[in-house]
Each structure stands twice: as C-alpha cells, then as structure tokens.
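Shown next, in structure tokens, is the structure this report addresses.
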Amino acid sequence: MMHLTTPTYLALLDGTLPAGEARALAAHLDAGCEACEGWLADRTGADRLDGRVDAALAALSVATAGAGHDLEYARLTRALADGAGAAPSRRRWVVGLAVAAAVLVAGVAGLVQRPSAPAPDGWDGNKGQAGPVVPLRLRFLVLLPRAGAVPGIEKGISGQVVSPESSLQFQVELGREADVVLARVTGATAEPFFHARLPAGRTVVSLSGQPAAYPMAQLAGPQRFLALAGAQPVEPADVDRAARGAAAAAGPGQPISLDVIEVHVR
Amino acid sequence: MPDGPDDAALVAAALRGEAGAQRALYDRHRPAAWRVARAFADFDADDIDDVVQESLVRAFRSLAKLKEPERFGPWLLTITRNRALSRLARRRAGGDLAEELAREAEVAATEPPAAPDPSAAAELELVRRIIAELPEGPEKVTVQLFYVEGALSAREIAERLGVGKSAITMRLERFRAKVKRRLLAEVARLRGEGS
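As they're listed, the protein sequences go chains L and W.
Take 465 as the starting number for the first sequence in my numbering and just add one per residue.
Take 26 as the starting number for the second sequence in my numbering and just add one per residue.
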C-alpha cells in the first residue's frame with residue numbers, strides 16, 4: 465500500500481478518490497501507519513480535516529470557559545464595519561518595562577509620553593492592508609500597592625476585577641503616527657484624561673518622564689476606558705460618539721480607530 | 026445538539042443581515058475557537074484572544090463563501106488554526122509562505138466534498154474511543170486535562186505538570202495526529218462504501 469500523498473489526500477477529502485482506493489487507504493490508516501500519521505501532522509496549514517478534528521475535540525469538554533462577551537463582540541462588529549483586515553484587538557503586553565516607578569495620579573493635564581520602537585514580532589495592525597484607519601491597541605498594567613516602595617505589577621486583561629487600591633497604567637500601541645485620546649466613560653459621557661500626538665509603536669503614558677497610572681480609588685463597579693486614534697486631531701465629538709457606544713468610524717470626518725478595556729472595581 | 030436554530034439557519038440569517046444571528050454564531054462557536062488557540066503553548070492569553078478575534082472577523086467577512094453552512098463550526102476552527110499557525114510563523118521566521126498557504130487552505134475549506142463525510146456525532150464518538158484506548162501515562166493525562174476537562178491552557182498544563190511547554194505541545198500534537206489519522210480512515214471507509 466502506498467502511503468498518503470498530497471493528491472491522494474486531497475482527492476479523498478474532496479470525495480473524488482475511487483472507491484477501491486479509498487477502501488485500501490482506510491485499511492492502511494486503520495492499521496496504524498506511523499508514516500502517514502507523521503505526514504498528516506507535518507502538513508503545512510490547516511484544512512477541512514483539521515477543522516473537523518478540532519470540532520470533535522472541542523465537543524469533548526463541557527467546560528464553559530472561553531465564552532464570548534459584549535466587549536469583544538463590539539470590537540468584532542467594529543472591525544467588520546471598518547473593513548480592516550483584523551479586529552482592533554488588544555493587549556499584548558511585554559512585561560519588563562521599568563514601571564516600578566511612582567504611581568502617579570492620572571487625569572492631570574500635561575501628561576506626556578515615552579515612545580518606544582515598534583515591537584519586532586508584535587502586532588502588525590491591518591496586516592499589510594493599507595487603509596485609512598490607524599491600527600490601535602490599548603493595553604494596561606494593574607499596579608497593586610504593597611508594603612514597600614515598589615508596587616506589585618500584573619498584566620491587565622479586560623474584564624478583570626481590580627481593587628480600589630490599585631491603579632491602571634496604560635500603554636498605547638499604534639500602527640502609525642496618530643493623534644490619540646484616552647478617556648474614561650461614565651454613563652454616556654467620556655472624561656478625556658490624555659490627548660497627544662504619538663508615534664508608531666508602543667507608548668507608555670507618562671508624566672514628566674515617569675510612567676503614570678490611573679487610580680481606582682473612589683471608583684466602584686465597571687469602569688470602561690477608551691482609546692481613540694486618528695491621523696488628524698481627534699475631536700471632542702469623536703470621543704462623545706465613542707462614549708455613546710456608536711461605531712467611532714461611522715461619524716462624520718476622518719476615520720477614528722477605537723479600542724476599549726473594562727475593569728470591575730471591587 | 027445546541028439549543029436554538031442550527032448553524033445553517035444562523036448562517037443564512039446572518040447573510041441576510043440579521044445581527045442576532047451573527048451574535049448567536051459568535052456565542053456558540055467562540056469557546057471552541059478559543060480552545061484551538063489555547064493548544065498553542067507559545068501563546069499567552071493575549072495571543073489567544075487575538076487569534077480568536079482575527080479568526081471570527083475573517084469568518085464573518087467570508088461567510089458568503091461558505092458552501093456548507095451546516096459546517097460553520099469546523100470551518101471557523103480551520104481558520105482559527107491557520108491564524109494561529111500564521112502567527113507562530115510570523116513570530117519565528119517572517120512566515121510569508123505559511124501565511125499564503127494558510128489563506129489557500131481557508132479558501133479550499135469553503136468547497137463542499139463530492140461525497141458525504143462522517144457526522145459530527147460519529148466523529149465525537151471516535152475521539153472518545155481513541156482517548157479511552159490511550160495507555161495510561163503523560164499523554165493521556167495531558168489529553169484529559171486539555172481536551173476533556175478543558176479548564177487549562179497548554180501553557181498552564183505545562184506549569185501544573187512541571188514540564189516544558191514544548192513537551193505539552195508535543196503530546197497534544199501527537200494525540201491530534203492520531204485523531205486525524207483515525208478520522209481520515211473513517212472518511213476513507215465512507216468513500217469506499219460509496220461505490
């Protein structure tokens with residue numbers, strides 16, 4: 465019996481392999497051919513068989529983890545509406561920044577930023593599709609108070625619970641230079657606390673050269689933070705529209721990129 | 026079987042522009058896509074979320090190309106695996122070739138076969154049988170933790186078992202290859218009966 469080859473394999477999947485050959489192949493595979501198993505494992509790229517294998521494997525578990533949520537679905541629908549190549553998804557934080565510096569109060573006018581070079585293997589925004597929308601990601605670290613000078617640091621994941629004693633340190637990642645606004649949403653309005661023109665790559669929101677963080681003190685319940693970016697200056701109306709939950713790019717004027725994170729303070 | 030309309034009906038409704046149908050597809054299939062991405066031990070939580078989101082966007086954007094709407098789930102998972110592989114390839118070596126291959130595979134996956142495939146229930150039963158037949162040992166433990174219990178990612182399993190990420194990846198891939206071979210044998214058997 466010949467081992468699997470690409471033409472045989474594809475013909476089998478397509479249903480065009482002669483029945484006699486299919487029967488012989490079934491017996492050969494059932495006999496546990498390690499060469500064919502290895503050949504299947506080494507195939508580059510996934511195909512319909514992979515999808516069915518994964519569907520069967522996924523059906524094994526009754527665990528409910530991995531369920532979707534409104535924030536992600538909103539991102540997906542925005543990405544579909546934008547026509548971009550990828551969802552403006554979020555948070556690939558590279559730990560190791562020198563952020564153990566003082567936790568400073570954000571919401572202060574005059575926040576400045578410390579740009580860094582684009583990540584070598586990081587996000588590539590629209591994956592080669594040039595478009596009017598600026599690729600944007602909002603990331604954050606959660607800084608936790610500790611008895612000592614240096615706060616604890618953990619990577620933030622949207623939707624997580626944080627304590628009122630913690631602070632959020634934001635990082636903005638852009639596919640290209642853009643005007644950026646960060647705002648906290650309260651009800652249907654937004655409170656901008658950062659507005660600057662930032663370069664492509666990652667930028668840690670900083671104050672006077674020191675990483676700054678947004679304190680959760682006196683906040684309770686879900687807290688939503690927006691990042692908006694545009695090639696031209698982002699207008700207050702853009703921020704208001706985003707705060708109301710409208711697709712930012714759907715408004716008049718330039719296309720606006722939007723990313724959002726949410727934490728629950730308790 | 027999932028509650029509510031079947032996937033074919035939801036795909037048709039989504040193509041008619043019914044937002045609720047698209048959301049229902051998202052809610053129903055997102056966990057499986059997430060599990061596929063979690064099998065890659067090189068990925069952290071952000072990578073996993075990114076792969077899932079990219080895959081869903083691609084799937085919804087290409088929905089009109091799907092010729093077997095009742096197979097939306099496996100089709101989405103094919104896209105998810107390709108997105109994950111492309112991401113790994115980009116990270117390791119630039120990976121333009123892998124990207125192209127992945128795209129080709131996604132397109133190919135939209136064409137229905139000329140002969141019937143095993144049912145989803147039969148495929149699930151086969152996978153259960155394969156797990157039951159595994160000898161006791163690290164591979165079975167890993168498979169149980171990842172696929173049956175489903176609470177831990179490949180990376181988390183490596184931490185729990187105190188082994189390297191590559192060992193977990195290898196065990197899961199070895200098992201998956203076994204499932205692929207056995208499932209392909211089932212496909213071949215069905216095709217052979219078709220004469």
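Note that the Cβ used here is the ideal one computed from N, Cα and C, for glycine as well.
This one's a predicted model, so the numbers in the text were calculated from it and none came from an experiment.
Closer than 8 Å, CB to CB, is residue i near chain L or not?
i        : result
Ala39/W  : no
Gly45/W  : no
Glu158/W : no
Ala183/W : no
Ala33/W  : no
Leu113/W : no
Val36/W  : no
Gly217/W : yes
Arg214/W : yes
Glu129/W : Summary for Glu129/W: the model assigns pLDDT 45, below 50, so the residue's position carries little reliability; its value from the coordinates is reported in the next sentence. Glu129/W counts as touching chain L.
Arg106/W : yes
Leu110/W : yes
Leu186/W : no
Considering only the beta carbon of each residue, do residue i and residue j sit closer than 8 Å?
i        : j        : result
Leu692/L : Val645/L : yes
Ala213/W : Leu489/L : yes
Leu638/L : Ala664/L : yes
Ile725/L : Gly620/L : yes
Val727/L : Gln624/L : yes
Ala179/W : Ile156/W : no
Ala37/W  : Phe65/W  : no
Pro628/L : Leu683/L : yes
Val598/L : Gly717/L : no
Phe200/W : Glu164/W : yes
Leu504/L : Leu209/W : yes
Gly530/L : Trp59/W  : yes
Ala706/L : Thr653/L : no
Phe634/L : Ala647/L : no
Arg196/W : Thr167/W : yes
Val61/W  : Leu102/W : yes
Arg688/L : Val649/L : yes
I'd like to confirm the pairing. Which residues does DSSP put opposite residue i in its beta bridges?
i        : result
Phe604/L : Phe634/L
Asp723/L : Ala691/L
Pro675/L : Ser670/L
Pro163/W : Paired residues: none, contrary to the question.
Ile621/L : According to DSSP, Ile621/L bridges with nothing at all.
Glu655/L : Arg648/L
Ala642/L : Leu662/L
Val729/L : Val626/L and Gly685/L
When you compare the CB of residue i with every CB in chain W, is at least one pair closer than 8 Å?
i        : result
Trp539/L : Strictly speaking, residue 539/L in this sequence is Arg, with Trp absent from that position. Yes - at least one Cβ of chain W is within 8 Å of the one on Arg539/L.
Ala531/L : yes
Leu732/L : As shown, chain L starts at 465 and ends at 730. That puts residue 732/L outside it, with no answer to give.
Asp643/L : no
Asp723/L : no
Ile720/L : no
Gly595/L : Note that Gly595/L scores a pLDDT of 49, beneath 50, so its modelled location is shaky; the value from the coordinates is reported in the next line. By this cut-off, Gly595/L is not an interface position.
Ala499/L : no
Asp702/L : no
Ile617/L : no
Glu536/L : yes
Leu493/L : yes
Val727/L : no
Could you give the C-beta distance for residue i and residue j, rounded to a whole number, given that I count them as a contact under 8 Å?
i        : j        : result
Leu519/L : Gly98/W  : Residue identity check: residue 519/L is Ala in the sequence provided, not Leu. Rounded, the Cβ-Cβ distance is 5 Å, consistent with contact.
Leu151/W : Glu211/W : 6 Å
Gln78/W  : Glu536/L : 6 Å
Arg57/W  : Ala46/W  : Note on residue identity: the sequence assigns Ala, not Arg, to residue 57/W. Contact flag wrong, Cβ pair sits at about 18 Å.
Leu524/L : Val204/W : Not quite, the Cβ-Cβ distance comes to about 10 Å (not below 8 Å), so this is no contact.
Leu468/L : Cys500/L : 5 Å
Ser630/L : Leu607/L : 6 Å
Arg216/W : Leu476/L : 6 Å
Glu95/W  : Asp31/W  : 7 Å
Leu493/L : Arg206/W : 5 Å
Arg86/W  : Ile104/W : Not really, about 10 Å apart at Cβ, beyond 8 Å.
Quick one: does residue i have its CB under 8 Å from some CB of chain C?
i        : result
Leu544/L : This model lacks chain C altogether, as its protein chains are L and W.
Query - Where the stretch 48-67 of chain W meets chain L: residues whose CB sits under 7 Å from a CB there - result: Arg48, Tyr51, Asp52, Arg55, Pro56, Ala57, Trp59, Arg60 and Val61
Query raised in the report: Using a beta-carbon distance cut-off of less than 8 Å, what residues from the stretch 501-526 of chain L approach chain W?
Result: Glu501, Gly502, Leu504, Ala505, Thr508, Gly509, Ala510, Asp511, Arg512, Leu513, Asp514, Gly515, Arg516, Val517, Asp518, Ala519, Ala520, Leu521, Ala522, Ala523, Leu524, Ser525 and Val526
**Report entry** Interface positions of the stretch 89-100 of chain W facing chain L (Cβ-Cβ less than 7 Å), listed along the chain
**Finding:** Gly98, Pro99 and Trp100
Query raised in the report: Can you list, in chain order, the residues of the stretch 159-181 of chain W whose Cβ is nearer than 8 Å to any Cβ on chain L?
Result: Tyr172, Val173, Glu174, Gly175 and Ala176
Query - Positions along the stretch 465-486 of chain L whose CB lies within less than 7 Å of some CB in chain W - result: Leu476, Leu477, Asp478, Gly479, Thr480, Leu481, Ala483 and Ala486
Query - Under 8 Å (Cβ pairs) to chain L, residues found in the stretch 193-209 of chain W - result: Glu198, Arg199, Arg201, Ala202, Lys203, Val204, Lys205, Arg206, Arg207, Leu208 and Leu209
**Report entry** Interfacial residues, the stretch 77-88 of chain W to chain L, with Cβ spacing under 7 Å
**Finding:** Gln78, Glu79, Leu81, Val82, Phe85 and Arg86
Requested in this report: Give the residues from the stretch 144-156 of chain W that approach chain L closer than 8 Å (Cβ to any Cβ), ordered along the chain.
Outcome: Ala145, Glu148, Leu149, Leu151, Val152, Arg153 and Ile156
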